[in-house]
Amino acid sequence: MTVKRAHRPSLAPAGIFALVFIGLTAATHVAWTALPWLSSRVPSIALADEPAGDDTYLAADRGGHLDHHVHYFGLDDAALAALRQAEVLFLGNSRLMFALRPRVLDSFFGARQLDYYVMGFGFREGARFPLEILRRFDLYPRVVVVNADGFFGRDLSEWATQVIADNRFDALKRQHENEVTHAVRRVVHRVIPNWLDIFDRPGADEGNEFIAYRSRRNGTWRVSPWPAEGRTVPAAVPDGQAAPWTLDAARAFKDELEQRGSQLVLTFVPTPTPDTREAADVAEELDVPLAAPLIHGLTSYDNSHLTEDSASLWSERFVQSLSPYLPASR
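Residue numbering for the sequence shown follows my numbering, beginning at 8 and increasing consecutively.
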């Protein structure tokens, strides 16, 4: 009887793959180092500045936003304590998060001895999700400032719906997975840049990657990389007529705030592509202040969010227009 010898798989393909991979990795790293124009093709995580110290946590990276979960489940004790202590609370979409700069707000509110917290969210989040958080943690801010850009009458985003369906374990698991992935990407992309991003990934927008770290102390985003170039933003507040259901949602929101002893103030962060054109009308119908300075020459880096210099300028002018509606200093 003939005994067949067990077939041993060849190691040659694995060896060839390893040699090719190492060769391409070395060539890519040399190209990335020797050709500076490559880094200007698209923002890369390899270029993002990671804040020093422990004041910030990872809020958003490609692959997911974490700050929805952090706020809804109260995952960060320091952030939750700051949110509960805030006398002035800012709500709105990602345009608000890009626009409000902590350097300006810290100086302004510090001089008035008022605590503030910025609780805006990505995904064009409207009123329902932050309201859930106000109720969940029984918050009583003295003033609530809302970016009235599609905020009222909008349903939960798909992401917020998923967040609410999760449990605390799911939230912690997602947070740790994303933080580990982020840390690994920061290392790997310095050696193997994402060529699909550099030379335009089919079906994806150019330059759609940014990293956001969120302050535990005041909720503001630190965005990196933040491109400087952009198109001019109109210096106007949309004054279209609000739909009846928008006004109904806005009145219900205002009523709930008043039950909490909170005053509502509206604003409008400039953008070339507003979600709605009714900020001024909503403020008039609700008989609430509209703190929205008109500034010429602002720019947007992606046709939606302000560039960093414009965000700083807008913040400086905005807090001055907000000043008359704030409570007296302690």
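Cβ coordinates follow ideal geometry from the N, Cα and C atoms, glycine included.
- Taken through DSSP and simplified to helix, strand or coil, Leu-264 comes out as helix.
- Per DSSP, the beta bridge partners of Leu-96 are Tyr-124 and Val-151.
- Sequence-distant partners of Gly-81 (beyond 5 residues in either direction) whose C-beta falls short of 6 Å from its own C-beta, in its chain, are Leu-87.
- Per DSSP, Trp-228 lies in no alpha helix (DSSP H) segment; the continuous beta strand (DSSP E) that holds it begins and ends at 228 to 231.
- One Cα belongs to Leu-313, the other to Leu-42, and the distance between them is close to 29 Å.
- Bounds of the beta strand (DSSP E) holding Arg-221 are 218 to 222.
- Straight-line spacing of the CA atoms in Gly-237 and Trp-228 works out to 20 Å.
- For Val-272, the enclosing beta strand (DSSP E) starts and ends at 270 to 274.
- Considering only Ile-29, Leu-297, Ala-118 and Ala-250, the residue with the shortest C-alpha distance to Leu-273 is Leu-297.
- Between the C-alpha atoms of Ala-242 and Leu-305 there is a straight-line separation of about 8 Å.
- Cβ atoms of Thr-278 and Val-240 come within 8 Å of each other, at about 6 Å.
- Counting along the chain, Ile-302 sits inside no alpha helix (DSSP H), nor does DSSP assign it H or E at all.
- Measuring C-alpha to C-alpha distances from Arg-258 to each of Val-150, Asp-294 and Arg-267 identifies Asp-294 as the nearest.
- Secondary structure at Arg-258: helix, using DSSP grouped into helix, strand and coil.
- Around the Cβ of Val-191, a 10 Å sphere holds fewer than 16 other Cβ atoms; the residue is exposed.
- In the DSSP assignment, Thr-63 is bridged to Ser-222.
- The three-state secondary structure of Thr-239, taken from DSSP, is strand.
- Judged by DSSP secondary structure, Phe-115 falls within the alpha helix (DSSP H) whose first and last residues are 109 to 119.
- In this structure, Val-289 lies away from Ala-250, with their beta-carbon atoms at least 8 Å apart.
- For Ser-222, the number of other beta carbons within 10 angstroms of its own is at least 16, and it is reported as buried.
- The C-beta of Thr-280 has fewer than 16 other C-beta atoms within 10 Å across all chains shown, which makes the residue exposed.
- By the neighbour-count definition (other C-beta atoms within 10 Å, threshold 16), Val-150 is a buried residue.
- Between Ala-134 and Ala-256, the beta carbon gap of about 7 Å places them in contact (Cβ cut-off 8 Å).
- Take Asp-282, set aside five residues on each side of it, and the residues of its chain with a beta-carbon closer than 7 Å to its own are Arg-131, Asp-156 and Gly-157, in chain order.
- The Cβ atoms of Phe-275 and Val-230 do not sit closer than 8 Å to each other.
- The C-beta separation of Ala-118 from Trp-321 comes to about 19 Å, leaving the pair out of contact by the 8 Å criterion.
- Between the beta-carbon of Val-153 and that of Leu-98 there is about 5 Å, and that keeps the pair under the 8 Å contact cut.
- Beta bridge pairing from DSSP links Leu-297 with Leu-273.
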